[in-house]
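**Student:** Quick note, the sequences are listed as chains A and B, same order. For the first sequence, the numbering used here gives the first residue as 152, with consecutive numbering after it. For the second sequence, the numbering used here gives the first residue as 107, with consecutive numbering after it. Take a look at this one; I'll ask things after.
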Amino acid sequence: MLSNLTATARVGAAGTLAISLASCNYIGTDTTPEIGVPFFAQQIDSFDCGPATVQMWTAYDFGTANLPTQQQISQHMGGTSTGTSPQIIADAVNFYTTAFDAFVDFVAADPDSEKFFSRQIAALDQERPSIAIIDAGFHAVIVVGGLWHETGSGFRAWDYTLFHDPLVGPRIRWGSSSWISSSCPPGSTCQQIVEAEAVAGASSYLTAYGDSVIDSDACGGGGGCTPLNQN
Amino acid sequence: MKLLISLLLLVPSLPLTAEVWTAGDCPNEHAAERAELKKRLLAAEPGSELYLPHPFPATDEQAVEDFLVAHRRVIDRQEGDVLPDDRRFFETVDAGQARFVVSRVANWTPSRCGPRYETNFYFLVRVFDERNGEEITRAAIADSGQIFQLMHRPENKSDAAFAISELPKLHLPASFGRASAAQYVQTTGPTLRCPALKPCIAFKSGGRTYLSVRSRLYRLETEEPISYPESFATPRARAAFLAVREGRPEAVVSLGGDRMALAIPVAP
Numbered sequence: 152m153l154s155n156l157t158a159t160a161r162v163g164a165a166g167t168l169a170i171s172l173a174s175c176n177y178i179g180t181d182t183t184p185e186i187g188v189p190f191f192a193q194q195i196d197s198f199d200c201g202p203a204t205v206q207m208w209t210a211y212d213f214g215t216a217n218l219p220t221q222q223q224i225s226q227h228m229g230g231t232s233t234g235t236s237p238q239i240i241a242d243a244v245n246f247y248t249t250a251f252d253a254f255v256d257f258v259a260a261d262p263d264s265e266k267f268f269s270r271q272i273a274a275l276d277q278e279r280p281s282i283a284i285i286d287a288g289f290h291a292v293i294v295v296g297g298l299w300h301e302t303g304s305g306f307r308a309w310d311y312t313l314f315h316d317p318l319v320g321p322r323i324r325w326g327s328s329s330w331i332s333s334s335c336p337p338g339s340t341c342q343q344i345v346e347a348e349a350v351a352g353a354s355s356y357l358t359a360y361g362d363s364v365i366d367s368d369a370c371g372g373g374g375g376c377t378p379l380n381q382n
Numbered sequence: 107m108k109l110l111i112s113l114l115l116l117v118p119s120l121p122l123t124a125e126v127w128t129a130g131d132c133p134n135e136h137a138a139e140r141a142e143l144k145k146r147l148l149a150a151e152p153g154s155e156l157y158l159p160h161p162f163p164a165t166d167e168q169a170v171e172d173f174l175v176a177h178r179r180v181i182d183r184q185e186g187d188v189l190p191d192d193r194r195f196f197e198t199v200d201a202g203q204a205r206f207v208v209s210r211v212a213n214w215t216p217s218r219c220g221p222r223y224e225t226n227f228y229f230l231v232r233v234f235d236e237r238n239g240e241e242i243t244r245a246a247i248a249d250s251g252q253i254f255q256l257m258h259r260p261e262n263k264s265d266a267a268f269a270i271s272e273l274p275k276l277h278l279p280a281s282f283g284r285a286s287a288a289q290y291v292q293t294t295g296p297t298l299r300c301p302a303l304k305p306c307i308a309f310k311s312g313g314r315t316y317l318s319v320r321s322r323l324y325r326l327e328t329e330e331p332i333s334y335p336e337s338f339a340t341p342r343a344r345a346a347f348l349a350v351r352e353g354r355p356e357a358v359v360s361l362g363g364d365r366m367a368l369a370i371p372v373a374p
């Protein structure tokens with residue numbers, strides 16, 4: 152539906168990030184900035200965000216009838232007292248949802264973060280959610296949309312990411328800079344769970360649109376920011 | 107723009123300190139990058155996409171003004187219809203029916219001291235509809251004045267699960283002793299999480315630092331910090347660190363930047 156949209160980002164001084172596209176400035180569908188994933192708060196403990204995100208993804212694919220409980224998902228995942236690994240979350244996504252090729256997308260924060268965010272937005276472009284591992288790798292949220300805009304100087308700026316946080320609430324918006332910082336802290340890694348099929352177009356998007364990207368919070372209209380492919 | 111802003115101080119059971127405190131100054135590693143971005147923000151003029159009326163606001167009132175300007179700018183450049191939650195928010199503000207309650211949240215997460223902003227704290231802006239007393243919006247505004255996080259209570263959801271949760275209050279047992287320097291904090295760790303929009307409370311007592319996480323209380327071992335890069339920056343390091351801690355009662359939380367600390371449960 153939105154095959155003409157993508158975004159890329161780099162965690163660095165210039166904070167470049169690019170988005171391409173066409174008929175609207177939503178990252179999600181043509182009519183709203185979100186893809187319609189139901190929200191469920193996490194029910195068990197502060198480190199049971201993984202089962203809650205898997206439950207939301209399952210509800211998006213199959214509806215809310217006969218939905219597995221978070222307790223059931225947690226037992227299936229076999230979490231420990233120190234939390235759940237991203238790989239276990241990816242395995243649960245493949246078990247409970249329609250996804251069969253979900254994987255842990257893992258990159259060093261720099262210099263590959265632009266590819267990472269390109270895949271995140273490519274998934275939304277296919278109206279598929281992804282699970283972002285944020286807060287320095289300690290928390291899982293489900294990404295459901297976002298907003299970008301074209302600046303007066305011709306850049307495409309990523310305004311915010313929209314996600315459901317099972318600990319806080321639905322439809323939380325994070326400004327682009329803070330989303331990048333939380334997803335890819337300095338000196339650390341970036342991790343998310345995405346479907347291989349949903350992100351297949353990400354690299355061609357990046358090639359086509361990488362030059363036009365900016366991080367809205369850090370660059371505003373683009374003046375003074377280095378284009379992505381010149382970093 | 108006509109704004110009717112009323113600001114109230116939040117008074118929990120233990121009064122909050124006026125100044126936020128963190129585990130230490132930011133290292134110089136990203137100072138030059140941060141300075142460049144700060145310069146860009148301060149130089150932004152009306153019409154610029156980075157413009158804020160009060161970059162790096164000094165007061166709660168200035169933070170609210172920055173929030174409203176930045177939020178409206180995003181809505182104005184949206185090409186489709188204004189979302190119902192955004193429309194309700196601005197209708198409430200424009201009708202003079204919004205009440206703003208501002209408090210500060212110290213940033214103790216690893217993203218503090220990053221290449222973009224130092225972000226020692228956030229202004230936590232809570233927006234209430236005066237007509238029914240409902241909190242309709244909560245936003246964390248970075249110390250730069252930019253919107254960090256924002257959530258509206260969904261307009262068409264009456265379910266309590268969609269209500270914006272109350273901020274925590276600290277009730278210490280009488281046997282605990284005198285506490286001071288209480289503040290809201292955003293922090294994170296493998297098993298504890300205090301989001302900016304749903305913060306926890308940190309305070310000091312008897313020369314020690316404590317963290318109240320919902321119904322639990324922890325003493326933080328701040329004198330023996332754990333290195334985030336060494337223990338958590340890669341999946342392998344993280345797995346090795348957590349394998350040792352499996353089944354143990356203490357947690358690990360970030361103090362901000364690259365420092366973390368053991369959090370020892372305190373009996374109620």
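Idealized CB from N, CA, C, for every residue including glycine. Please read these numbers as outputs of a predicted model, since none were measured by experiment.
(1) Anything in chain A within Cβ reach of Gln289 of chain B, meaning under 8 Å, just list it in chain order.
(2) May I ask you to list the residues that DSSP assigns as paired with Tyr228 of chain B?
(3) Just to confirm the assignment: which complete alpha helix (DSSP H) runs, minimum length 4, are found wholly within the region 236 to 275 of chain A?
(4) Against chain A, with Cβ distances strictly below 9 Å, would Gly295 of chain B count as a contact?
(5) Quick check on Val170 of chain B: does DSSP put it in helix, strand or coil?
(6) Lys97 of chain B versus chain A: which residues are under 9 Å apart at the beta carbon?
(7) Would you report the Cα separation of Leu172 of chain A and Leu348 of chain B, rounded to the nearest angstrom?
(8) Please confirm if the region 247 to 256 of chain B is in contact with the region 277 to 288 of chain B, defined as three or more CB-CB distances below 8 Å between the two stretches.
(9) I need the DSSP call for Gly202 of chain B, collapsed to helix, strand or coil.
(10) Below 7 Å CB to CB, which residues in the same chain sit around Glu348 of chain A once its five sequence neighbours on both sides are set aside?
(11) Taking Leu298 of chain A as the query, report the chain B residues whose CB atoms sit under 8 Å from its CB, ordered along the chain.
(12) Looking only at C-alpha atoms, which of A:Ser327, A:Phe257 and A:Cys335 sits nearest to Arg307 of chain A?
(13) Could you check whether Thr123 of chain B and Gln289 of chain B sit closer than 9 Å to each other, using their CB atoms as the reference points?
(14) Could you check if Glu265 of chain A is buried or exposed, using at least 16 other CB atoms within 10 Å of its CB as the buried criterion?
(15) Sorted by chain position, which residues of the same chain lie with C-beta nearer than 7 Å to Val188 of chain B's C-beta, five sequence neighbours on each side aside?
(16) Would you say Arg210 of chain B faces chain A, with C-beta separation under 9 Å as the test?
(17) Which of the three DSSP states is assigned to Gln222 of chain A in this structure?
(18) State buried or exposed for Ser174 of chain A, treating a residue as buried only when at least 16 other CB atoms are found within 10 Å of its CB.
(19) Can you check which of these residues, B:Ala339, B:Pro355 and B:Gly312, is closest to Cys341 of chain A by C-alpha distance?
(20) From this set, A:Ala243, A:Thr183, A:Ser339 and A:His227, which residue's C-alpha is nearest Pro341 of chain B's C-alpha?
(21) Within 9 Å (strictly less), CB to CB, does Gly130 of chain B reach chain A?
**Tutor:** Let me lay it out:
(1) Within chain A, no residue comes near Gln289 of chain B; the closest Cβ sits about 19 Å away, beyond 8 Å.
(2) B:Val211 and B:Ala248
(3) 237 to 247
(4) yes
(5) Assignment of Val170 of chain B by DSSP, reduced to helix, strand and coil, places it in the helix class.
(6) No information on residue 97 of chain B is available, as it lies outside the stretch 107 to 374 that chain B covers here.
(7) Here the model assigns Leu172 of chain A a pLDDT of 41, short of 50, so the residue's position is not dependable and the matter cannot be decided.
(8) no
(9) Gly202 of chain B carries a coil assignment under DSSP once its states are collapsed to helix, strand and coil.
(10) Asp252
(11) Val180 and Gln184
(12) A:Ser327
(13) yes
(14) Under the 10 Å beta carbon count, Glu265 of chain A is surrounded by 16 or more other beta carbons and is classified as buried.
(15) Ile181
(16) no
(17) helix
(18) Note on Ser174 of chain A: pLDDT 39, under 50, position unreliable in the model; no value is reported.
(19) B:Ala339
(20) When each option's Cα is compared against that of Pro341 of chain B, the closest is A:Ser339.
(21) no
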